[in-house]
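Chains as they are written, first to last, in numbering that gives the first Met the number 0: chain D, 0 to 357; chain E, 0 to 266; chain X, 0 to 302.
We put the CB at the ideal spot given by N, CA and C, even for glycine.
What follows is a single structure, written as structure tokens, with notes after it.
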Amino acid sequence: MARLELDRVNVWLGGNHVLQDLSLTVEEGECIALLGPSGCGKTTTLRTVAGFIRPDGGDVRVGGASIARMAPNKRNVGIVFQDYALFPHMTVAENVAYGLEMRGVAKAEREGRVAEALDLVRLGDFGARYPQQLSGGQKQRVALARAIVIRPDILLLDEPLGALDRKLRDAMQVELKQLQRSLGITTIIVTHDQEEALSLSDRIAVMFDGRLHALDAPDRLYEAPDSARVMDFLGAVNTLSGTAEAAGDSIAIACDCGTRLSAHIEGLRPGRAVTLGIRPEHIALLPADAEAGENAVDAQVEEIVYKGAFADVIALTETGRRFHVRTEPARLADSGVKRDAAVRLHLPSRHLILVEAS
Amino acid sequence: MSERSPFRIALAALAWVSMAFLVFPVILTAVVSLNDSFFIEFPPKALSFRWYENLAAIHRIGEATAISFAIAVAAAGLATVLALGAALAIARHPFPAKPGITAFLLSPVTLPMVAIGIALVQFFIAIDAAFTWWSLAIGHVVLVIAYPVRTLVASLTLSDTSLEDAARSLGASRWTAFRTVTLPQLKPGLVSGFLFAFLISFDNYPISVFLVRGDLTTMPIEVFNYISNNFDPTPAAFSTVYILVISVVIAAAEYRYRIMSLSIPRS
Amino acid sequence: MTATASAVTPAAVRPRGGRWQRYAPAALLLAPLMAFMLIFYLIPIGQMVGESLTYWSGDAVEDKATPTLYQYEKTLESSRATGSIVRTFRISLLSVAICFLLSYPIALWLLFAGRKLRTGVLLVVFISLASSLIVRNYGWLVVLADAGPVNNLLIALGLIEFPLRLTYSEGAIVTALVHYGMPFMILPIYGSLLRIPSSFWEASQSLGATSMRTLWRVILPLSMPGVFGGTMLVFAVSMSAFVTPLMLGSPSTAMVSQVAAEQLLVQLNFAWGSAIMTTLTVVTLAIVVLYALAVRKVFRVDV
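The structure is reproduced here in structure tokens:
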């Protein structure tokens, strides 16, 4: 367990500058998720920490000591691979014991630690089985046991839940988070699944084009992203543009949705062009005859998409702006919202995100 | 593991030594074929093309080559046609004892060739058809049948059945769909199956030696006889020509049909 | 079937057609080749086995009606036959072992090689595979000749004074069989190495294993299907070798196929020749089956 520092790491692969001046510190015991679209360099970052890629510039330090030039088998890094990479010709116990064996741990101690690790992932009775005899979730847990039994300084998880079905993924998310927290291993999770990143990590590092774009706690990143790109990438969002106008203690923004929105944003001077965002679940859907309070926009329902736990409503304003509203299906029925009906949208000012001022 | 790790360097060194072993005799033969000396000698003393001019000295070489060529075309052609049906059945249709029947069709490659030769000559003698052109050709079909069966099953397994379904849904009859969609996909399998069948037949000695007599002879038999009775480097010239022709054929087939990836067994 | 009944169970929704309907396409497609193989392969092989069970001592027309193991007893009693069987087995084992040691590094190296190098090496391997056995054996006659490069190199190095007789020996046969077998060994091993995900290499290394230990503990066991395929093929090819010992051996290094062919082509003793070949075939198949069972048990792979 140790603090991991990536210090201005640069990696070139096949003529592409895949990691550009990447600096990132993962505190001792912290769990960071690397999130980004495919090709953003998150897997390269993981492979650089693991030692499968040598950085062309910069340094990788664990507990202050550089490991950038160290062979993968000399680093004390545990990895859970996307396809688990469980050796099919070895039993579960042999798989878990492999890393200990390579470290020359005596047989008696090895057996104890293997049993302990398997108990930890609740597979105590599965030691004699072969990987082919396990379910997806069980394989995932064996892979985890194999990675943590060596007591790694750093734990790397590559799309750890990507191969599991939805239900199992939700269960494993909780389990994984509890395990990581109780062991206190410095952890990096690579994922392209936002939900996984939001639920598993202490902080999320958003990467685009080989660069780090944002690094913050999941809730802060979701609620108050500081760039349009991050806001756009993390979850669905309605993006609006407009111009700031002075109006009392809050600021009014003349918006392309045909109305004036008031927002509590400090330090914004009148006359500036701004980009605003609002999450679909933060827009309230009101009947057309509801009282027209602050930040109300009139629109017509274009489409309703039922999604089970929630429903997505697409509404079009007279100015031609489309709004994406997420609501509970029960509410739709209550308020009589249906296709082509006129509705009033309420955009609460506390949920307006200002991401760009130019 | 980085490119310059000791493991990778040692591996590359071992691999190059093994490759040298594989290529060494061929290069040596080519060098010797250009040596003026009457005996096999290395290093060579003087350059000469006399052994290439002497190729005609191999007894009935022209005639034997023509027979071998015709037999190989006939055997490979018949084997490929027969194999296509069987491969379609194996790859696309259910039938009982499939592994057993498949193994049976592939078994001639693992059986000693001399056993096949001995069995066939006795069979053809019994039906009074021994030592004829067509009995030799039939023997060669047995010899080569496994190659087209294997490559066609491999390429049928790789080919996409949904394409044929798509063609059928667009109004093509079963036969038209097969001809216009499946068959073009099978081309690499057909080409490499035929090619290897042809080459195996063209080169065969152990089966042919039992099935030829009198006027009926093949190129490998005549070349073998020449090597057994003469010590001059004429066979080196023959070998060099043979390897050059094969190299061109294989390279062309790979360039045009990508036959290699199909012939790498993925077990 | 009445009209009412067919309305209740129309042909289209019957759970499954008759056996014949179900297997008809396969049967029609398989029929031509199966008929061909039955007539020109299975029957002749059966006849050869039948012939091997007849009593025929070479000097007179004997009773051929009752099957007898006479020819097999004769095979066991003949020191030339048993000697050739032992020799063939020894040569084959040696060839397989050396061939494996030379081929595995090439296959593994191909896995890491760049695209151009890999295509080039595979082309060389395929050209080897496709080129004539006689031509390749002749290459070894050249290399191992009295005035050939090996002898001249040894003389130049001062290791020997006079050329060694390298050809017409068991060593020459093994060398040529290894050379002949290499493409058969390289391709299946390479094929099975291709199927091992690269994450297995990385997992092993991240757990602390060196490349060498990864190879030994993970990669080699997982490439066993290819290793089995290659070694089995080279073993079978070596056991039935005929042209190679004819070209590079001497009468004192005769292999089984040669001894049997001699009986047929020279002595015209079909019965004994058939018995020797049947023995070779059965022994080879038995060894291959035992080998397959052993590999299956030890490495837990389907072969």
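Here residue 56 of chain D is bridged, per DSSP, to D/9. Under the 8 Å criterion on CB atoms, residue 92 of chain E is classed as interfacial with respect to chain X. Rounded to the nearest angstrom, the Cβ distance from residue 297 of chain D to residue 259 of chain D is 13 Å, too far for a contact under 8 Å. Taking the C-beta atoms as reference points, residue 330 of chain D is found nearer than 8 Å to residue 284 of chain D. For residue 183 of chain E, the enclosing alpha helix (DSSP H) stretches over residues 182–202. Check the Cα spacing between residue 57 of chain E and each of E/238, E/254 and E/244: the tightest is with E/238. In chain order, 199, 202, 203, 216, 217, 220 and 221 make up the part of chain X whose C-beta sits under 9 Å from the C-beta of residue 86 of chain D.
Taking a Cβ-Cβ cut-off of 8 Å, the neighbours of residue 76 of chain D in chain X comprise 205, given in sequence order. Counting along the chain, no beta strand (DSSP E) covers residue 93 of chain D; the unbroken alpha helix (DSSP H) around it starts and ends at 91–101. Contact of residue 21 of chain X with chain E is assigned, a C-beta pair being separated by under 8 Å. The DSSP-derived three-state label of residue 98 of chain X is helix. One thing to note: residue 230 of chain D has its Cβ no nearer than 8 Å to the Cβ of residue 33 of chain D. At a Cβ-Cβ threshold of 8 Å, residue 76 of chain D and residue 159 of chain D do not count as neighbours. Contact annotation: the stretch 44–57 of chain D does not touch the stretch 217–234 of chain D, with fewer than three C-beta pairs closer than 8 Å. The stretch 90–104 of chain X makes contact with the stretch 235–244 of chain X; the number of CB pairs closer than 8 Å reaches 3 or more. For residue 28 of chain E, the nearest CB of chain X lies under 8 Å from its own CB, placing it at the interface with that chain. Distance between residue 264 of chain D and residue 138 of chain D, taken at the CA atoms: about 49 Å. When Cβ-Cβ separations below 8 Å define contact, residue 204 of chain E makes contact with chain X. Counting only Cβ-Cβ distances below 8 Å, residue 121 of chain E has contacts in chain X at 43, 46, 47, 50, 269 and 273, in chain order.
The alpha-carbon of residue 159 of chain X is positioned some 29 Å away from that of residue 179 of chain X.
Contact annotation, residue 201 of chain D with residue 29 of chain D: C-beta distance approximately 5 Å; criterion of less than 8 Å satisfied. Straight across, the Cα-Cα distance linking residue 21 of chain E with residue 48 of chain E is about 26 Å. The beta carbon of residue 19 of chain E sits no closer than 8 Å to any beta carbon of chain X. Contact annotation: residue 126 of chain D and residue 133 of chain D have beta-carbon atoms that are not nearer than 8 Å.
Going by DSSP, residue 22 of chain D is part of the beta strand (DSSP E) stretching over 15–25. At least one CB of chain X lies nearer than 8 Å to the CB of residue 82 of chain D. Residue 121 of chain E carries a helical assignment under DSSP once its states are collapsed to helix, strand and coil. In chain order, 72 and 101 make up the part of chain D whose C-beta sits under 7 Å from the C-beta of residue 208 of chain X.
With a threshold of 16 other beta carbon atoms within 10 Å, residue 114 of chain X falls short and is exposed. One Cα belongs to residue 81 of chain X, the other to residue 110 of chain E, and the distance between them is close to 20 Å. For residue 20 of chain D, the CB contacts under 8 Å within the same chain, skipping 5 residues up- and downstream, are 7, 8, 9, 57 and 210 in chain order. For residue 77 of chain X, the three-state secondary structure derived from DSSP is coil. Judged by their CB atoms, residue 142 of chain D and residue 85 of chain D are nearer to each other than the 8 Å cut-off. Of the candidates X/85, X/24 and X/100, X/100 places its Cα closest to the Cα of residue 185 of chain X. Taking a beta-carbon distance threshold of 8 Å, residue 183 of chain X does not count as an interface residue toward chain D. Judged by pairs of C-beta atoms under 8 Å, the stretch 122–141 of chain X touches the stretch 165–180 of chain X, as three or more such pairs exist.
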